[in-house]
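Start counting the sequence shown at 0; every next residue gets the next number (numbering that gives the first Met the number 0).
Quick reminder that beta carbons are idealized off the backbone N, C-alpha and C, glycines included.
Since the model is a prediction, treat every value here as computed from it, not as a measurement.
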Amino acid sequence: MATRLEATYGDNGEREHAVEHSDALARALVAAVRGERGAEPPADTKLMELLRDIARASRLIQHLEEWRELAIVRADQLDADASRVNLGVAAGMSPSKLYKLLEKHGRPKSRTPLTRSEIVESAITTEGGEWDAARVIETLERYGFETDDKGARSLLRGLNRDKVLERKPGAGGRAIYRVPGAGRDWLYVLDPELNTVEGGPSTPARVSRLAREADGPGHWWLGRKLKDMRAGDRLWIYFAAPERKISAMAEVSSEPYPAPAGSEKPYLVNATLHARATEALRKNPVRLEQLANQHPQGCVGLADADLALALKNAGL
């Protein structure tokens, strides 16, 4: 069955059409134009049909690659005084690949030599000279940086100083950064034999029961003031006995503050148990043997691998 593809150009309504003999390939083309992913050949497609579509798709890709190459060269000619940063970002190319393409068409390799960090810095700076936090991580990854990359240390420290990035807690000796505002996740250890919750025992059963009550616990003890803890963070509550497991989660609503004299521990933080997540974790806890952190103590940043498992078991 043939599929007719039509295109309308500009305000004058000029129209053209092409007949694509494969519905599957036509759908893939429409999805690509829309920026969508996931279009796949139907499972019942025959071999000869697949080979034909592969050949047609290959020709289409070749034509588009040729058009993109000429468009890159034309853009470089139109913006001869630019540093090519925007051109590289638009094309999704590393500087070396872009320079190679331009040299092929007789364009000079580099009019304004830039280091990789300078290219990234230019790409994440707005026209007004301010950092654009929304583009930071995406741009770093596009240019091959990890957020703890040695080659980007100076840039990352500058972004941290300007509060565009922040250091991630619990990363050991490495300086790993992320965009501010993302809630932190903490592994909060409760020992039912030593700690209390709201003046009563801190057993998994009691904490689970409190999570179902509207006036559940609001204050949680801290042995030290965690300066990186703030409202919007989460406490993944690990019970050190009788079974070693994460089986509750609370949402932080304040920064840590000094506890009254004579209190159980020197600091407090306000947090409310998340009823749905706690119920899910009660039924499907994350046990010690599943954790990357095999020696939980106090309150520390939750490792990424442990967070992924906790989120899954909590149904979040």
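| task | Would you kindly report the start and end of the unbroken alpha helix (DSSP H) that includes Glu102? | result | Here residue 102 refers to the residue found at position 103 of the sequence shown. It spans 94-103 - the alpha helix (DSSP H) in which Glu102 sits, taken as one unbroken run.
| field | Neighbour-count burial assignment, Asn312, 16 or more Cβ in a 10 Å radius | value | By 1-based counting over the sequence shown, the position of residue 312 is 313. Per the 10 Å Cβ criterion, buried.
| field | the region 234-242 touching the region 179-197, judged by at least three CB pairs closer than 8 Å | value | yes
| message | Measuring straight from C-alpha to C-alpha, what distance separates Pro112 and Val88? | response | Taking the sequence shown and counting its residues from 1, the one referred to as residue 112 is at position 113. Taking the sequence shown and counting its residues from 1, the one referred to as residue 88 is at position 89. Reliability fails at Pro112, whose pLDDT of 46 lies under 50, so the model's placement of it is uncertain and the value that follows must be treated cautiously. Going from the Cα of Pro112 to the Cα of Val88 covers about 16 Å.
| task | Please go through the same chain and pick out, in chain order, the residues whose beta-carbon is closer than 6 Å to the beta-carbon of Gly217, but skip the five residues on each side of it. | result | Taking the first residue of the sequence shown as 1, we reach residue 217 at position 218. Excluding positions up to five away in sequence, the list reads Asn269.
| request: Please look up how many angstroms separate the CB atoms of Val285 and Ala239, rounded, as I've assumed it's under 8 Å. | output: Taking the sequence shown and counting its residues from 1, one reaches residue 285 at position 286. Taking the sequence shown and counting its residues from 1, one reaches residue 239 at position 240. Actually they are not in contact, since the Cβ atoms of Val285 and Ala239 sit about 14 Å apart, beyond 8 Å.
| said: Please return the same chain residues whose Cβ sits closer than 6 Å to the Cβ of Gly222, not counting the five positions on each side in sequence. | reply: The count along the sequence shown starts at 1 and reaches residue 222 at position 223. Cβ within range, chain order: Lys264, Gly297.
| request: Quick one: grab the DSSP three-state call for Glu242. | output: Here residue 242 is taken as the residue at index 243 of the sequence shown, counted from 1. Three-state DSSP puts Glu242 in coil, outside helix and strand.
| Distance between beta carbons of Leu24 and Asp52, contact taken as under 8 Å | Indexing the sequence shown from 1 puts residue 52 at position 53. Indexing the sequence shown from 1 puts residue 24 at position 25. Indeed, because the Cβ distance is near 5 Å, the residues count as touching under 8 Å.
| Around the C-beta of Ala75, are 16 or more other C-beta atoms found within 10 angstroms, so that it is buried, or is it exposed? | Along the sequence shown, one-based indexing puts residue 75 at 76. In the sequence under discussion, the amino acid at residue 75 is Asp, which differs from the Ala named in the question. Per the 10 Å Cβ criterion, buried.
| message | Between the alpha carbons of Ser95 and Glu68, how many angstroms are there, rounded? | response | Against the sequence shown, residue 95 aligns to sequence position 96. Against the sequence shown, residue 68 aligns to sequence position 69. Distance between the alpha carbons of Ser95 and Glu68 is about 15 Å.
| task | Run through the region 191-221 for me and flag every whole alpha helix (DSSP H) of 4 or more residues, listed as ranges in chain order. | result | 203-210
| Under 8 Å, do Leu308 and Gln289 count as touching if we go by C-beta distance? | As a working note, residue 308 is residue 309 in the sequence shown. As a working note, residue 289 is residue 290 in the sequence shown. Against a cut-off of 8 Å, the Cβ pair of Gln289 and Leu308 comes out as a contact.
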